[in-house]
Structures are given as C-alpha cells and as structure tokens.
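Data first, discussion second: the structure below is written as structure tokens.
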C-alpha cells in the first residue's frame, strides 16, 4: 500500500507534464499556421494594421506572426482598418490591465463624411436592465454603458421597440429614420447583441464581450472544439466583420442622408 501512495502522485505529475507538452506542441503548430491564416484573412477582408495600411500584405502577415510569437500575458491591443464600399472601417480590440483589474473592448467604427442629420443610438434593453445590475453583482464584472443621446424614442416598429432601447436628439426624426430603413432594422435584428450609435463624428458598434463573434464560432462549445485551429477561427470571423461593416455603412447613410 505504501508503494501505491508514491505511484499516484507520480502518475498525476506525468499526466500534467504530458498535457503541458501536448499544449505546447499544439501552440507551436498554431503559430506555424498563423501566417497562411492571416494572409487569407487580410486578402479576403481588406483589413490591414491601421499604422501601416500602404505596406504590402506580406508585411502585415509578418507583424501578425511576430505578435503571436512574442505573446505574453499583459496589455494587448489590435487595430485594423479597411475600405468597405468607400467607407473606412476601423476595428479595435483591446485587453488592458491596471490596479482595478482587467478591461476589455471590441468595436467597429467609421468616420462620418460630414455632420449627421439624424444622430441616433440603439442598444439591447439588457444593457440597461435590472438583470444587468444583478449579473454584475454576482460576476464581479461591470459593463460600462450609457445612452449617447438625450431622448428615448419609440420607433413604431414592434421588433425594434420590444428588444431595443432607442435614443436620439430629435425623436420624430429618429422614428422616421427607422421606418424608412427596413434593411437596417433587419440587420440589427440578426445581431446577438447590439450597441450601435451615430454621434457627431463617428458611427460605432461596440461589443466588448464579443458576443457576436463568439456566437459565430459556436459559443463556448464551438470555441472548445476549434481549439488552436487559427485558420478556422479567422475564416469564421470574416462574416462577422462583413456584417458589422454593412451595419455601419447603412447607419452612416441613414444618419447622413
């Protein structure tokens, strides 16, 4: 019996060691696959790192591989830009740490061609509900959210008014905007979570918890199944980027028409 008492800890240590080696091998394979995966992503989306967009695509792939090889816990921020049907689309994703804890952000944005005629803000009701406060209290997380415009709006569209909070500076104008843009309404309803606004300078879609991207990858179960398959992850992300770019394009056109 005494000998068995030594065997089990050794087996556990061997199992942990084997798992670590397996994980490192998988990570090494994933890093090797990043180059082709990022090349396909940049080529299909037109995205580039925002501080070096004129550089050849190979330079952007090289930077992506450098970032993967040098990955370490700590602050991380990625900024991409693309031209989408003549509209610049910026994508920012960040994980930042300070004494208060960790903050996450993920958004797509587009600069306006001029002052908007009808600025507006549409967001899921869950972002301002009592349930949100309770979830934050139990999870020790906080989702920073506030209305970007002063007046609440009823659009007269049941699917919008039932699910979303809508705000604007001129309620009648915002109501007219939604009623005149059924494609925008349809695109909003297809999203897993919405926080979209047009202010004086930009159109922005914020999704800090990346709920739309996670849903496209199959949720938690899908994420686990994907594992280190970088190519598949990048492929699944492309329709989400396109959908957000479409939403921003429709929002800019509607607000500035």
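Numbering (our numbering), first residue to last: 3 to 259. Glycine residues also receive a C-beta, built at the ideal position from the N, C-alpha and C atoms.
Kindly indicate which three-state DSSP category residue i falls into: helix, strand or coil?
i	result
residue 174	helix
residue 79	strand
residue 114	coil
residue 46	helix
residue 154	strand
Among the residues of its own chain, which have a CB less than 8 angstroms from the CB of residue i, if the five just before and after it don't count?
i	result
residue 63	37, 40, 41, 44
residue 217	194
residue 160	none
residue 85	48, 91
residue 215	108, 209, 239, 242
Apart from the five residues on each side of it in sequence, which residues of its chain come closer than 7 angstroms, Cβ to Cβ, to residue i?
i	result
residue 99	76, 77
residue 130	147, 167
residue 115	258
residue 61	54
Looking only at its own chain, which residues have a Cβ that is under 6 angstroms from the Cβ of residue i, when we skip the five neighbours before and after it?
i	result
residue 253	200, 205
Please report the distance separating the alpha-carbon of residue i from that of residue j.
i	j	result
residue 106	residue 144	10 angstroms
residue 208	residue 123	11 angstroms
residue 49	residue 93	9 angstroms
residue 24	residue 176	Bear in mind that a pLDDT of 37 at residue 24, under 50, signals an unreliable position, so the model cannot answer this.
residue 251	residue 233	27 angstroms
residue 185	residue 219	25 angstroms
Could you check how far apart the C-beta atoms of residue i and residue j are, in whole angstroms? I think they sit under 8 angstroms.
i	j	result
residue 157	residue 181	7 angstroms
residue 165	residue 127	7 angstroms
residue 179	residue 256	5 angstroms
Strictly by DSSP, which residues pair up with residue i?
i	result
residue 199	123, 206
residue 108	95
residue 167	125
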